[in-house]
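Undergrad: Numbering (the working numbering), first residue to last: 150 to 319. Don't be surprised by glycine CBs; every beta carbon is placed ideally from N, CA and C.
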């Protein structure tokens, strides 16, 4: 199940107080999920009073913190591996760029960067044409730039990449 903590947080009111079952019902989560949140740091208003009551603002803050923890910033030349759950660099010889099915705007088209990560898993990244250029520019200083040109021969980037390489050699 895809976790969208932002949507969950909007179902709660900051000033309201909720019992465990109310939170489970409002957010549509499994009771074990709520128990796991308790173990991760969701704290009731009064620990010693039963039933535990949770402040809406505390739950919203906790959900936002969970969402931030799930985000992983990828550096230039990296793609997030869903199997390893971390950003990995892509093996140069495996990079392949395919045209996406959607046109994002008048100046940007969708692209998919495919490759094999340093963890040996297949990785993919959905990007814009501008992001793909930035991704390629990361590898342009590499000694194996010819491999990139060979792998990208089926795309329209071949002219741009060869221009980048030829202008740097001059």
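Could you give the first and the last residue of the continuous beta strand (DSSP E) run that contains residue 236?
TA: Start and end: 235-238.
Undergrad: Does the beta-carbon of residue 260 have 16 or more other beta-carbons within 10 angstroms, so that it is buried, or is it exposed?
TA: Residue 260 comes out buried.
Undergrad: Just to confirm the assignment, what range does the alpha helix (DSSP H) spanning residue 187 have?
TA: Note, residue 187: alpha helix (DSSP H), 180-189.
Undergrad: Three Cβ pairs or more, each shorter than 8 Å: is that satisfied between the segment 201-218 and the segment 157-166?
TA: Taking 8 Å as the limit for Cβ pairs, the verdict is that the segment 157-166 does touch the segment 201-218.
Undergrad: Going along the chain, which residues of its own chain have a beta-carbon closer than 7 Å to the beta-carbon of residue 263, five neighbours each way excluded?
TA: Closer than 7 Å at the Cβ level, and outside the excluded window around residue 263, lie 245, 247 and 273.
Undergrad: Under the assumption that residue 249 contacts residue 238 (Cβ atoms under 8 Å), give the Cβ distance between them as a whole number of angstroms.
TA: Between residue 238 and residue 249 the Cβ distance is about 22 Å, and since that is not below 8 Å, they are no contact.
Undergrad: In whole angstroms, what separates the C-alpha of residue 251 from that of residue 258?
TA: Those two C-alpha atoms are separated by around 7 Å.
Undergrad: Going by the DSSP bridge assignment, what does residue 202 pair with across the sheet?
TA: BP columns for residue 202 point to 168.
Undergrad: Among 177, 269 and 180, which one has its Cα closest to the Cα of residue 232?
TA: Closest by alpha carbon: 269.
Undergrad: Who are residue 269's beta bridge partners in DSSP?
TA: BP columns for residue 269 are empty, so no partner.
Undergrad: List the whole-angstrom C-beta distance separating residue 265 from residue 235, where the pair is believed to meet the contact cut-off of C-beta under 8 Å.
TA: No, residue 265 and residue 235 are not in contact; Cβ-Cβ is about 15 Å, not under 8 Å.
Undergrad: With a cut-off of 9 Å, does the C-beta of residue 228 fall near any C-beta of chain D?
TA: Of the protein chains in this structure there is only one, and it is not chain D.
Undergrad: Could you check how far apart the C-beta atoms of residue 194 and residue 183 are, in whole angstroms? I think they sit under 8 Å.
TA: About 16 Å separates the two Cβ atoms, so there is no contact after all.
Undergrad: Would you tell me roughly how many angstroms separate the C-alpha atoms of residue 283 and residue 175, rounded to the nearest one?
TA: Computed Cα separation, rounded: 43 Å.
Undergrad: In terms of DSSP beta bridges, what is residue 274 paired with?
TA: The partner list for residue 274 (beta bridge, DSSP) reads 262.
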